[in-house]
Every structure is written in structure tokens, then in C-alpha cells.
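In full-length UniProt numbering, the protein residues as written are 1 to 375. Here a beta-carbon is modelled for each residue, glycine too, at the ideal position from N, C-alpha and C. Quick caveat, the model's predicted, so the values are computed rather than measured. Notes follow once the structure below has been shown.
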């Protein structure tokens, strides 16, 4: 059953189109993430669902009930936003328990409330902070208190806007695991906002990719990562970022290639089929997108490979990330960490089978960093 349904949602601020015909649904118990860059419209969607803002076009409903004109307090929605909004005169325990002590909340005994608060706080590793006041907390601790206050009550939908953004990297990893476990234990339906691709991939049952108020793709994280709908989506997910290079498709007796800035890249079978389809449709221009993990670097020609000089090298524990310059942009590949390589050395790159995509270009590639390095 769909708990939340959003249909053709549009919102403007003056002359700015914040949302443009956004539609999606969220199922019972689903962890649904809105992912995109700053200014994409993610928080605006949450604010409209919550009733914090109005004057929009479209329809929002929860369990079939239209929300238009419904007061915030009647929507049975719990919220945690990036700004903590804690009550400074209350302890952490009092802040978290506030929704349970509301006149609108189901009646519970003091012992029941304390048990619920303690469990929620322990799940978020703040159980030892219950007697403190907000002024005694760090930014990350305040954020977890705000998150606990949202999750402690029963709601149809939980709206979480970057609720762990202020934690350091180590704590954020733990908090992600705790939050996912809590969501599963509670059977909670969560709409989650982030611009961190690790959170988006690690927490979500499904992702909605948003940019400039428009929906680009909705699917399971692994499917979005493996088969992005556009070049922009592919570039958003992953570190290092997906290689992108523009070129012309060419067919020869040796197979399909992409001619890019004087470099002839040999395409694998998967990309060759995409190239054939494009040529049949009358288009010979394409943007190749492939993650560095799908580009193998060899010291000798392994066949169906392209010879290139090494531009620069990055070392990691288990591999080398090797960059080349193609058509004015960086193009990365990997090889074993023990490989003896030097800058300027000629090597061969081969594109892994079943990896890579041919896109229509939707944004301009930045060639300035390569040009600056060359200077």
C-alpha cells in the first residue's frame, strides 16, 4: 500500500521554479531518499508534505487522504530537520519525550514513556546524555537528539532532512547503520533527504534523483548506480566520479570506437551495441560515461585496448587510480597497487565488458582543471 502519494507537484518562489511536476509514491515501511545537489528542491518537498509551506500546484495525500488545507498537527507526520530546534530549557530526555507527552498523543504511563525514550536514545548512541541540557551538547549530539525526538513517536510518515549531516565521518557511519536498523525495527515509512551519495546508496530502499526541481530517476540504489538515466545522475553517485568524455562514434573493421580529442577509444561489446543503435538512429555524437573501476590499466596491450600516456597517479591501499587526459578532461582507470608506473609512461586501457554507458550530453564538462594543471 502507498502511504504517501505525490502527484504533479510544482512550486515557485517569485520567478524561480523550485519544483517542476514532481510525482512519486512511498510504500508502507519504505526508506525513500530524495537525493540531489544543493538547491535541487529536496527540502521544499518535505516542507510541502509537512504543511510548513503552501501555495503549490499538484496533490499530496497520505493513506488516500488529501493534505491540501489540512493543518500540520493533523497530518500525523514526524519531522527532523537539519536545524535542531531543541527546547533549551528542557533536558535531552524531556526534549525527546515531548511528542509522547503531548495532549494529542496516546496516553502512556511515565514508566512507558521513559522506556520508549531510553530505547530510542540508546539506538542513536545518546542514552548517556539524557540528563544534559542542549547547551552542553555538540552539534552532532544535538542533531541526534532532534532525530530521536522525531522517531520516538508513531507517525504515518517520518520526514528526515539531513539528520546526521553534522556528525563526523566515523560517527556518521555508525549513525547510518543505527538509523537503518531502527527504521526496520519500527517498520517506519521514511522520506529522507541527503546530498551524500554514501547515505543515499547505503540507507535507501529506493532513490529519487532530483535536480533543479525535476525528477531525473526513481529506482533502487543498485539500479541507479549501475544504470543511471542521464550523465548527470551518473556523475552524482560515486567517488571517484564517473568518467565522462564527449566524442564521435565510428565503425571500423576492428569494431566500434569513440573518437575524442584525437584519441580513439575502443569500445567493449556492450557499448558497441549502444553505439550501433545510435548510428542507426542517425546520431554519431555521444558522451561516454564509465566509472574508473570499469577501466583496466595494463602495462602491455591486452587486445581491444587504447594506448595512452599516464597523466597522474593516486595511490590507495589496494589499487592505483591512474588518470589520463582525453579531450581536455581527466579519465581514470585502476590497476593493482604493486604496479610500477610513472607519469608519462605509455600504458593501455581497456573498458570492462558490460560496463559503461553512452549518454546524450546534458551539461558542459569542466576542462579548466586539466588546462590549469598543464599550464
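Residue i versus the options, residue with shortest Cα-Cα distance
i           : options            : result
residue 317 : 323, 101, 334      : 334
residue 346 : 365, 363, 311, 357 : 311
residue 83  : 213, 163, 298      : 163
residue 138 : 154, 168, 110, 305 : 168
residue 110 : 134, 303, 154, 94  : 94
residue 45  : 175, 130, 210      : 210
residue 48  : 27, 71, 29         : 71
residue 65  : 337, 278, 4        : 4
residue 142 : 81, 325, 298, 60   : 81
residue 55  : 131, 67, 77        : 67
residue 197 : 77, 314, 176, 339  : 176
residue 124 : 108, 102, 147      : 147
residue 255 : 241, 273, 238      : 273
residue 173 : 200, 149, 258      : 200
residue 31  : 156, 238, 297, 114 : 156
residue 41  : 62, 18, 28         : 18
residue 300 : 294, 179, 309, 293 : 309
residue 61  : 251, 212, 27       : 27
residue 205 : 14, 34, 76         : 34
residue 103 : 74, 63, 252        : 74
residue 292 : 313, 145, 38, 264  : 313
residue 181 : 106, 294, 119      : 119
residue 106 : 76, 29, 302        : 76
residue 361 : 29, 136, 234       : 234
beta-carbon residue i near the ligand SAM non-hydrogen atom, thresh 7 Å
i           : result
residue 290 : In the structure shown, the ligand SAM is absent, as is every other ligand, since no ligand is present at all.
Inter-residue spacing [alpha-carbon to alpha-carbon] between residue i and residue j
i           : j           : result
residue 203 : residue 262 : 42 Å
residue 184 : residue 91  : 28 Å
residue 354 : residue 290 : 10 Å
residue 12  : residue 195 : 22 Å
residue 323 : residue 260 : 16 Å
residue 269 : residue 226 : 17 Å
residue 330 : residue 243 : 7 Å
residue 43  : residue 159 : 10 Å
residue 223 : residue 236 : 14 Å
residue 85  : residue 121 : 17 Å
residue 129 : residue 165 : 20 Å
residue 96  : residue 116 : 10 Å
residue 186 : residue 170 : 25 Å
residue 348 : residue 319 : 16 Å
residue 153 : residue 280 : 57 Å
residue 190 : residue 69  : 23 Å
residue 277 : residue 327 : 24 Å
residue 134 : residue 78  : 20 Å
residue 343 : residue 296 : 17 Å
residue 229 : residue 208 : 12 Å
residue 53  : residue 6   : 15 Å
residue 10  : residue 298 : 50 Å
residue 51  : residue 58  : 14 Å
residue 238 : residue 36  : 13 Å
residue 253 : residue 216 : 37 Å
residue 15  : residue 338 : 56 Å
residue 188 : residue 221 : 19 Å
residue 336 : residue 212 : 39 Å
residue 315 : residue 240 : 13 Å
residue 179 : residue 264 : 47 Å
residue 251 : residue 22  : 40 Å
Residue(s) in a DSSP beta bridge with residue i
i           : result
residue 307 : 348
residue 2   : 27
residue 12  : 17
residue 45  : In DSSP, residue 45 forms no bridge with anything.
residue 92  : Paired residue(s): none; residue 92 is not in a bridge.
residue 79  : 159
residue 66  : 61
residue 298 : 348
residue 325 : 330
residue 312 : 323
residue 35  : 194, 209
residue 285 : 248
residue 359 : 287
residue 135 : DSSP lists no partner for residue 135.
Anticipated Cβ contact below 8 Å, residue i with residue j, distance rounded
i           : j           : result
residue 351 : residue 271 : 7 Å
residue 284 : residue 365 : Not really, about 18 Å apart at Cβ, beyond 8 Å.
residue 24  : residue 232 : Their Cβ separation, rounded to whole angstroms, is 18 Å, which puts residue 24 and residue 232 out of contact at 8 Å.
residue 161 : residue 193 : 5 Å
residue 307 : residue 266 : Contact doesn't hold; Cβ gap of about 10 Å is too wide.
residue 275 : residue 359 : That belief does not hold up - the Cβ atoms of residue 275 and residue 359 are roughly 12 Å apart, past 8 Å.
residue 20  : residue 214 : 5 Å
residue 332 : residue 341 : That pair is no contact at about 13 Å.
residue 356 : residue 288 : 6 Å
residue 88  : residue 149 : About 14 Å separates the two Cβ atoms, so there is no contact after all.
residue 101 : residue 113 : 7 Å
residue 108 : residue 126 : Not quite, the Cβ-Cβ distance comes to about 21 Å (not below 8 Å), so this is no contact.
Any alpha helix (DSSP H) of 4 or more consecutive residues that is wholly inside the stretch 163 to 210: For secondary structure counted as the alpha helix (DSSP H) over 4 or more consecutive residues, the stretch 163 to 210 holds these complete runs in sequence order: 169 to 186, 197 to 203.
Contiguous alpha helix (DSSP H) assignments of at least 4 residues, all confined to the stretch 208 to 283: Taking only runs of at least 4 residues, the alpha helix (DSSP H) segments lying wholly in the stretch 208 to 283 are 221 to 226, 231 to 236, 269 to 280.
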